[in-house]
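So for the sequence shown, the numbering used here puts the first residue at 76; every next one is plus one. Only one structure is covered here, and it is reproduced in the block below.
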Amino acid sequence: MNYNQLILNDLIIGLVWSVIVCAFVLRGKGEKTIRRLKNIEKSIILSFVIVVLASGGVGFISSTLVIPHILFVLISILIPMSILYTITVSRVKTLSRGHLHDYKKGFKQHLWSEKSYNYLQSIEWDNTVFKNVQSKDVIHLSRDPENPSIIMSVSANRAQHELKLFEITKDHYSVRFICSDLQNAKVEAKLVDDKRFSYLDGNRDAFNLSETLCELQLEKVNVLLDKKGALWHNASQVKVDEFFQIAYKHLNSDGVLIIDGSVQSSLKQMVSYVYYHLFDRIIFPTERSTISKIKKYIGPGSFAGDHFEKYEVGSGMYRVIVFKKKELRGA
Ligand SMILES: C[S@@+](CC[C@H](N)C(=O)[O-])C[C@H]1O[C@@H](n2cnc3c(N)ncnc32)[C@H](O)[C@@H]1O
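Here it is as C-alpha cells:
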C-alpha cells in the first residue's frame, strides 16, 4: 500500500467515524443544546483516545507512518465535529422560551443567572448603571415616605439586581420594590425582611401585569424593569407592541420602562460561551441584549416608537435603554 493510499484510508476512516459520532450527537429531536455540546466534547476526547491507541497498532507495521496516521485521522474527525460544534454553539444564541429547560437543574445553564450576576457584580454593574441613569435625569425617585416610587421588576428571577438596587436606593429615596417572574424563583432568592421589598408568589407572566397589579390594588407604577426577561423571550412585532401597550397603561405619567442594552461583540460572546461551557466560568456575557433583539420592532409606526421617548444610557456593558412615556398633546 503506498503512502497516498494510506492517507486516503485514514481520511475515510476518520470521516466515517465522525459521521457516526455526529449522528449519535444529533439523535433524537428533543436533544437539548447543552447536552449536544457535552456529547460533542466527549466524542472528540474519545476519538483522540481511539486514534492514539489504534496508532500504536499501526506503529508495529511501520513506525515512520504513525504520526501522519494520527494527523490525518484526527483532521478528518476534527473538521466535521468542529463544524457541528460551531453550529450547536450558535444555536445557543437563539435559545427561546421553548428551550428554557436548558436552565433547569442538571443542565449546564443551571444557576446561570447566579453566575452572570456574579460577573456583573464584579464589574460594579448595578452601581454604575444606577449612577448613569440618575445623571441622565430621566427618573425622579420619590423622597416622600407617604408616596413611594413603585419599582416593579416583571422578570426578576432571583431578584439579585433588584435587591442591589434596593440597597442602593432605600436610604436616600422612598421606594417600594415589587418583583415577579414567569418561573418564580422566590424560594431560591436571598430576600430581605423589609416591607418595602416584596417578591410575589406564583408564576406570573409579565403580559398579565394588569391582573397582577389589580391583585395588589395598584393601577400604576413609576418604574418597570425587564432585564433579559419577558421582551427578550418574546421578540416579535405582536408581542413587543403588546408589552409596550401594557407598560404604557401601567406607568405613571413620568414613568419609565428600563431594559438592558449592553453593547457586546458577538465574537466575544461566542468565545465566552465556549469558555463558560468548558470551565463553568463567565468571562463575558453570552446572551445578547434585549434591545438588540427588539430594536426592529420599536421604530416609527410601532407602539413603542409612537408612545415612548427612548434614551440610551451608559455605554458598553453598562448601557441600558430607558423608555419614557411621551406626553400626549392636550392631555
Ligand atoms: C435570563 S433570566 C434574567 C433574570 C434577571 N432579570 C436577570 O437579569 O438576572 C430571564 C428571566 O425571564 C423570565 N421570563 C421569561 N419570559 C417571561 C414573561 N413572559 N414574564 C415574566 N418573566 C419572564 C424567566 O422566567 C427568567 O427568570
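C-beta: ideal position from N, C-alpha, C; glycine also. Only a predicted model underlies this, so the values are computations on that prediction, with no experimental measurement involved.
Rounded to the nearest angstrom, what separates residue i and residue j at their Cα positions?
i	j	result
L83	K371	50 Å
H174	S328	Note on H174: pLDDT 45, under 50, position unreliable in the model; the coordinate value appears next. Cα to Cα, H174 sits roughly 37 Å from S328.
K303	N232	10 Å
E384	E221	29 Å
S230	H382	22 Å
V37	S118	The displayed coordinates of the chain run from 76 to 406. Any statement about residue 37 would go beyond what the structure contains.
Q80	I115	29 Å
F205	Y160	39 Å
S367	W200	19 Å
V349	I198	21 Å
Q235	G336	18 Å
I334	P143	54 Å
S217	F282	27 Å
N309	I145	48 Å
L170	Y323	Summary for L170: the model assigns pLDDT 47, below 50, so the residue's position carries little reliability; its value from the coordinates is reported in the next sentence. Roughly 28 Å between the two C-alpha positions.
Q346	P223	Per the sequence presented here, residue 346 reads as Val, with Gln not at that position. Roughly 43 Å between the two C-alpha positions.
K314	Y393	26 Å
L342	E362	12 Å
D276	V213	31 Å
F378	L300	18 Å
W92	S364	39 Å
L153	E189	34 Å
I285	N193	The sequence as given places Ser at residue 285; Ile does not occur at that position. If I take the Cα positions, the gap works out to 32 Å.
E294	I225	11 Å
L90	V124	16 Å
I150	Q339	33 Å
V250	Y351	36 Å
L112	K211	43 Å
Answer yes or no: the CB of residue i versus the heavy atoms of ligand 1, is any distance below 7 Å?
i	result
L153	no
Q258	yes
K261	no
S224	no
S50	Outside the displayed span of the chain (76 to 406) sits residue 50, for which this structure offers no information.
H308	yes
D280	yes
V191	It should be noted that the sequence gives Ser, not Val, for residue 191. Checking the Cβ of S191 against ligand 1 gives yes.
A98	no
H247	no
Q235	yes
A264	no
S230	yes
A305	yes
Specify the secondary structure class of residue i as computed by DSSP and reduced to three states.
i	result
I373	coil
F242	Note that residue 242 is Glu in the sequence shown, not Phe. It is helical.
L288	helix
S228	strand
D269	coil
V331	strand
N297	strand
I396	strand
E116	helix
E263	helix
I358	coil
Y386	strand
Y274	strand
R251	strand
L121	helix
L326	strand
P143	helix
N215	The identity of residue 215 in the sequence shown is His, whereas the question assumes Asn. Of the three classes helix, strand and coil, the one that applies to H215 here is coil, per DSSP.
A234	coil
I198	coil
How close, in whole Å, do the beta carbons of residue i and residue j come, if the pair is a contact with beta carbons under 8 Å?
i	j	result
I253	S273	6 Å
V127	I88	Actually they are not in contact, since the Cβ atoms of V127 and I88 sit about 14 Å apart, beyond 8 Å.
V298	V267	With 8 Å as the limit, V298 and V267 do not qualify as a contact, their Cβ atoms being about 18 Å apart.
G389	N202	Their Cβ separation, rounded to whole angstroms, is 12 Å, which puts G389 and N202 out of contact at 8 Å.
H247	L288	About 26 Å separates the two Cβ atoms, so there is no contact after all.
S122	P360	Actually they do not touch by this definition, with Cβ atoms about 32 Å apart.
R279	D256	7 Å
For a test of your reading of the model: does the CB of residue i fall under 7 Å from any non-hydrogen atom of ligand 2? Yes or no.
i	result
K302	Within the structure as shown, ligand 2 is missing, the only ligands being ligand 1.
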